[in-house]
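Going by the working numbering, the letters in the sequence shown line up with residues 2 to 153, in that order.
Here a beta-carbon is modelled for each residue, glycine too, at the ideal position from N, C-alpha and C.
Heads up, the thing below is written out as structure tokens.
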Amino acid sequence: MKRKKGVGDGMGTASNSKRLRVSYPLRAVWRPRTLRVLLALAALMVAVAPAPAFRPKKRKPVLKDVQGLVLDSANNAVAGAAVEMKDVQSGKTIANYSDSAGHYQFTDLDRNHDYEIRATFKNLASEVRKVSSFDNRNTIPMNLTLAPAPAK
2 MKRKKGVGDG
12 MGTASNSKRL
22 RVSYPLRAVW
32 RPRTLRVLLA
42 LAALMVAVAP
52 APAFRPKKRK
62 PVLKDVQGLV
72 LDSANNAVAG
82 AAVEMKDVQS
92 GKTIANYSDS
102 AGHYQFTDLD
112 RNHDYEIRAT
122 FKNLASEVRK
132 VSSFDNRNTI
142 PMNLTLAPAP
152 AK
């Protein structure tokens with residue numbers, strides 16, 4: 002059976018002009034074009050969107066440290082003295098011991114808090130010293146001098 006030229010082959014005769022609008026050749030052209038448009042849009046979105054490496058990183062809060070020496074009344078270093086630091090806002094107390102050279106250190110302290118610090122060793126104690134939140138230094142040096150504890 003021979004088919005007539007122009008019928009059902011997408012060639013476009015007057016008898017099937019309505020059919021051409023939805024015929025296979027038009028869909029075949031439309032799909033690759035749509036695919037190209039979608040790929041172009043995806044490539045544009047990737048190119049325009051900032052990469053994570055270029056986004057500004059959140060800054061870690063800057064913390065402060067307190068360090069110093071525990072000394073006796075003759076300005077000699079005292080090893081093994083207990084040094085206590087109290088966070089005035091939260092009420093938490095942290096403690097540390099001075100090393101063999103009399104050095105102590107508290108790190109990673111909140112800049113927005115006030116602290117009270119003192120040292121004790123046997124029957125000796127230092128004055129209570131204060132670290133203010135208004136002090137904007139990153140490292141605060143603070144030597145503590147031990148004296149005989151007052152009688153209660």
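Bounds of any beta strand (DSSP E) do not take in Phe-135, whose DSSP letter is neither H nor E.
For the pair Ile-141 and Val-67, the CB atoms are nearer than the 8 Å cut-off. Under the 8 Å Cβ criterion, the segment 35 to 48 does not count as touching the segment 112 to 119, having fewer than three qualifying pairs. C-alpha of Val-79 to C-alpha of Ser-101: approximately 8 Å in a straight line. Beta-bridge pairing by DSSP links Ala-126 to Thr-121, Ala-148.
The way I'd put it, the segment 67 to 77 does touch the segment 92 to 106; three or more beta-carbon pairs between them come closer than 8 Å. Under the DSSP assignment, Gln-90 falls outside any beta strand (DSSP E); it carries neither an H nor an E label.
Going by C-alpha positions, Val-63 is about 15 Å away from Ser-133. For Arg-60 and Arg-34, the gap between their C-alpha atoms comes out near 46 Å.
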